[in-house]
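Note that the protein sequences, when read in sequence, are chains A and B. Quick note: to get our numbering, add 420 to the position in the first sequence (first position is 1). Quick note: to get our numbering, add 228 to the position in the second sequence (first position is 1). Even glycine gets a Cβ: it sits at the ideal position worked out from N, Cα and C. Predicted model only: the values in this text are computed from it and were never measured.
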Amino acid sequence: GAVVSQHPSWVICKSGTSVKIECRSLDFQATTMFWYRQFPKQSLMLMATSNEGSKATYEQGVEKDKFLINHASLTLSTLTVTSAHPEDSSFYICSAPSRAGAGDTQYFGPGTRLTVL
Amino acid sequence: EDKVVQSPLSLVVHEGDTVTLNCSYEVTNFRSLLWYKQEKKAPTFLFMLTSSGIEKKSGRLSSILDKKELFSILNITATQTGDSAIYLCAVYSGTASKLTFGTGTRLQVTL
Chain A
421 GAVVSQHPSW VICKSGTSVK IECRSLDFQA TTMFWYRQFP KQSLMLMATS NEGSKATYEQ
481 GVEKDKFLIN HASLTLSTLT VTSAHPEDSS FYICSAPSRA GAGDTQYFGP GTRLTVL
Chain B
229 EDKVVQSPLS LVVHEGDTVT LNCSYEVTNF RSLLWYKQEK KAPTFLFMLT SSGIEKKSGR
289 LSSILDKKEL FSILNITATQ TGDSAIYLCA VYSGTASKLT FGTGTRLQVT L
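Encoded structure:
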């Protein structure tokens with residue numbers, strides 16, 4: 421099946437620094453990718469939809485200036501957490517639909533665990 | 229706003245038991261309902277349901293959708309310790325073009 425990778429798998433950073441997380445579709449092209457956040461013992465919350473070649477669509481309550489999304493190619497989307505704070509510590513997961521328009525068949529990356537000290 | 233509710237929140241059973249996990253939803257322009265299993269990392273896909281009354285089965289796991297009553301169940305028979313995980317239900321809206329996840333059911337299977 422299709423594979424989505426994320427890098428890094430986990431990261432620890434100091435408060436105030438920025439962290440970039442990469443999401444790649446390894447054997448298929450993805451014009452759309454989704455970024456989710458999952459706090460401990462909670463479900464996945466969609467943060468934003470990343471669109472290749474255009475601006476991301478953010479969910480209500482997600483600060484676009486804090487969570488910068490760039491989808492520069494058909495196989496790569498990046499999420500940058502700017503000026504990270506301890507409350508940003510979470511598990512960040514990306515996903516990509518198996519084909520255009522098939523948003524209900526999403527392949528999930530392995531996730532990135534972010535800890536902000 | 230689209231909404232997905234799962235019950236129970238948490239469940240502990242003995243190996244060999246059968247469990248039923250519930251998922252109810254309210255969504256605009258329903259397109260599909262999906263079940264995922266999440267262990268320590270990202271969710272892994274179990275089933276996608278689009279039609280009422282048609283059971284999907286994979287080994288000891290099965291699932292069915294009722295679009296009239298807006299719910300789905302996930303059954304696991306003869307549970308094993310390896311079934312311990314969080315089971316997530318998600319609904320895809322054709323209008324919103326996104327998945328909405330429920331809070332999940334945490335299943336623990338003990339010896």
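Under 7 Å by beta carbon: chain A residues contacting residue i
{"i": "Ser300 of chain B", "result": "Residues of chain A passing the Cβ test: none, with the nearest at roughly 14 Å."}
{"i": "Leu262 of chain B", "result": "Asp524"}
{"i": "Arg259 of chain B", "result": "Asp524"}
{"i": "Tyr253 of chain B", "result": "Correct list: empty, because the minimum Cβ distance to chain A is about 13 Å."}
Neighbouring residues, chain B, relative to residue i (Cβ below 9 Å)
{"i": "Pro428 of chain A", "result": "Here the premise fails: no neighbours, minimum Cβ distance about 13 Å."}
{"i": "Pro530 of chain A", "result": "Lys269 and Ala270"}
{"i": "Ile513 of chain A", "result": "Lys269, Ala270 and Pro271"}
DSSP-derived helix/strand/coil call for residue i
{"i": "Asp294 of chain B", "result": "strand"}
{"i": "Arg288 of chain B", "result": "coil"}
{"i": "Glu229 of chain B", "result": "coil"}
{"i": "Lys326 of chain B", "result": "strand"}
{"i": "Phe258 of chain B", "result": "strand"}
{"i": "Thr452 of chain A", "result": "strand"}
Extent of the continuous beta strand (DSSP E) to which residue i belongs
{"i": "Glu543 of chain A", "result": "With chain A represented from 421 up to 537, any question about residue 543 of chain A goes unanswered, as that position is not in the structure."}
{"i": "Ala306 of chain B", "result": "First-last for Ala306 of chain B: undefined, no H or E at that position."}
{"i": "Arg334 of chain B", "result": "Thr333 to Thr338"}
{"i": "Gln426 of chain A", "result": "Val424 to His427"}
{"i": "Leu237 of chain B", "result": "Taken as a continuous stretch (DSSP letters only), Leu237 of chain B belongs to no beta strand (DSSP E), as it is neither H nor E."}
{"i": "Ser321 of chain B", "result": "Ala313 to Ser321"}
{"i": "Ile432 of chain A", "result": "Trp430 to Cys433"}
Beta-bridge pairing of residue i - partner residues as DSSP gives them
{"i": "Phe273 of chain B", "result": "B:Tyr264"}
{"i": "Thr495 of chain A", "result": "BP columns for Thr495 of chain A are empty, so no partner."}
{"i": "Leu249 of chain B", "result": "B:Leu302"}
Contacts that residue i makes with chain A (C-beta to C-beta distance below 8 Å)
{"i": "Lys326 of chain B", "result": "Phe454, Leu466, Thr469 and Gly523"}
Neighbour list for residue i in chain B, Cβ cutoff strictly below 8 Å
{"i": "Ser463 of chain A", "result": "Leu316, Phe329, Gly330, Thr331 and Gly332"}
CB contact check: residue i to chain E, cutoff 8 Å
{"i": "Ile489 of chain A", "result": "Absent from the structure: chain E. Protein chains present are A and B."}
**Message:** For a minimum of 3 consecutive residues, which ranges assigned as the beta strand (DSSP E) are wholly contained in the stretch 497-535 of chain A?
**Reply:** Unbroken beta strand (DSSP E) stretches of 3 residues or longer found wholly inside the stretch 497-535 of chain A: 510-517 and 526-528, given in chain order.
**Prompt:** Which runs of the beta strand (DSSP E), 3 residues or longer, sit entirely within the stretch 456-488 of chain A?
**Reply:** Listed in chain order, the complete beta strand (DSSP E) runs (minimum 3 residues) inside the stretch 456-488 of chain A are 465-471.
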